[in-house]
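**Q** Shown below is the structure under consideration.
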Amino acid sequence: MEAKSHGPAALGEDDMEMEFQVAPMVDVLLVLLLFFMATATTEVSMQREDITLPKAGFGQDIQGRDAMLDVNILSITNLIEVLGVPPFEDASQLTPIVRASKENAEKSGAVSAERPYRVFIRADTNTQYERIHEVMKACAEAGVPDVSFAINEDKDQRK
Amino acid sequence: MASGGGEEGEFGLQIAPMLDILFVLLLFFMVSAGANEKEQELGVKVPGTGPGKADGTKMTPIVIRIDADGTVFFNDTPSGAPNDDLLMDLRGMLQRMTGAYSNPEDQDPVIISPSARTRHTRIVSVLDAASYAQVKKLSFRAPPDGTPK
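This is the structure we're talking about:
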């Protein structure tokens, strides 16, 4: 009796013709599709590789992105980066930028009493408070006292 | 035309290696998706330089001081060593305060007073403890080591 093998060695044998198996391939593709659908989110992370965000367990999901201004404080250099402007050192330069951004948001109707304009500070874990306070003070002088800090969710703390 | 096997002299589509690679890719994306960190926010109100509320005159503010080495003090009472990441004692103290008031507006204001050299991650840990205790009135104090320009 002829023993039939099913491995690659069987390929090419006249009595063991491997046909194109569509069903398993479709199964795999469907699994992949389901996987990417499950992991895809509507909100694109704005994380940067050069800023290591601190972890916290009780933060809130970011909402109302049209009523907030992202301000990055770069690690090592401590430069302030906002709205595509080249990073700068003097925090006082931030005040007119924040004020203008707030006015634009108010004109577009994104700001309300229930949802005030706020600044979203994305700072590295090792950034010193002196620098962060400079940024907060500049924001306050622009009339934006509400500030929030970017964190990475620490799911272990919520357990 | 794609075929699962090779006809004589022809290079056909090899299904088995393709499936192997697909499963490896699937496993890779599953692992990397699990390692993704979600960005969130911790909010705080900064005392504005413009017209502000004249409240809190009857309330005794709670001052949380954070030294440069990360030691946390709750009204001068040590509540977190530098290596204490979770700050459970501080959470308990803040929760006792917030739990005493049914109306969040009646809470004592909490003022965070970090040193100029305090690391941001330590400040976030304190904010996290405040968020856990549902502190509604939170503000920052200028660093005592010298005011910024």
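Here the protein sequences line up with chains A and B, keeping their order.
Take the first sequence: its position 85, counting from 1, is numbered 84 in numbering that gives the first Met the number 0, and each next residue is one higher.
Take the second sequence: its position 25, counting from 1, is numbered 24 in numbering that gives the first Met the number 0, and each next residue is one higher.
Heads up, the beta-carbon is just placed ideally off N, CA and C, and yes, glycines get one too.
1. Counting C-beta neighbours from all protein chains within 10 Å, is the total for Glu140(A) 16 or more, i.e. buried, or is it exposed?
2. Give the range of the beta strand (DSSP E) segment to which Asp88(B) is assigned.
3. What separation, rounded to the nearest whole angstrom, lies between the Cα atoms of Ala66(A) and Gly142(A)?
4. For chain B, is any of its Cβ atoms less than 8 Å away from the one on Gly58(A)?
5. Residue range of the beta strand (DSSP E) that Val70(A) falls in?
6. Roughly how far, in whole angstroms, is the beta-carbon of Leu73(A) from the beta-carbon of Phe87(A), given that I think they are within contact range, below 8 Å?
7. Between Gln133(B), Pro143(B), Ser114(B) and Ile20(B), which has its C-alpha nearest Ala99(B)'s C-alpha?
8. Closer than 8 Å, CB to CB, is Ala141(B) near chain A or not?
9. Thr76(B) bridges to which residues according to DSSP?
10. Does DSSP classify Pro103(B) as helix, strand or coil?
11. Determine, using beta carbons only, whether Pro142(B) and Ala115(B) come nearer to each other than 8 Å.
12. Is the CB of Val78(A) under 8 Å away from at least one CB in chain B?
13. Give me, in chain order, the residues of the same chain whose beta-carbon lies closer than 8 Å to that of Asp153(A); leave out the 5 immediate sequence neighbours on both sides.
14. Taking Pro81(B) as part of the alpha helix (DSSP H), name the residues at either end of that continuous run.
15. Does the count of Cβ pairs from the region 121-128 of chain A and the region 117-130 of chain B closer than 8 Å reach three?
**A** A quick look at the data gives this:
1. Glu140(A) is buried by the Cβ-count criterion.
2. Counting along the chain, Asp88(B) falls outside any beta strand (DSSP E), though it belongs to the alpha helix (DSSP H) covering Met87 to Gly98.
3. If I take the Cα positions, the gap works out to 14 Å.
4. Interface residue, yes.
5. From DSSP, the beta strand (DSSP E) with Val70(A) extends over Met67 to Ile72.
6. Wrong, their Cβ atoms sit about 11 Å apart, outside the cutoff.
7. Looking from the CA of Ala99(B), the closest CA among Gln133(B), Pro143(B), Ser114(B) and Ile20(B) belongs to Gln133(B).
8. Taking 8 Å as the threshold, the shortest C-beta distance from Ala141(B) to chain A falls below it.
9. Its beta-bridge partners are Phe73(B).
10. If DSSP states are grouped into helix, strand and coil, Pro103(B) belongs with the helices.
11. When the beta-carbon positions are compared, Pro142(B) and Ala115(B) come within less than 8 Å of each other.
12. Residue 78(A) is actually Leu in this sequence, not Val. With 8 Å as the cut-off, Leu78(A) does not count as an interface residue toward chain B.
13. In its chain, beyond the 5 residues on either side, Lys54, Ala55 and Gly56 have a beta carbon closer than 8 Å to the beta carbon of Asp153(A).
14. From DSSP, Pro81(B) is part of no alpha helix (DSSP H); its letter is neither H nor E.
15. Output reads yes: the region 117-130 of chain B touches the region 121-128 of chain A.
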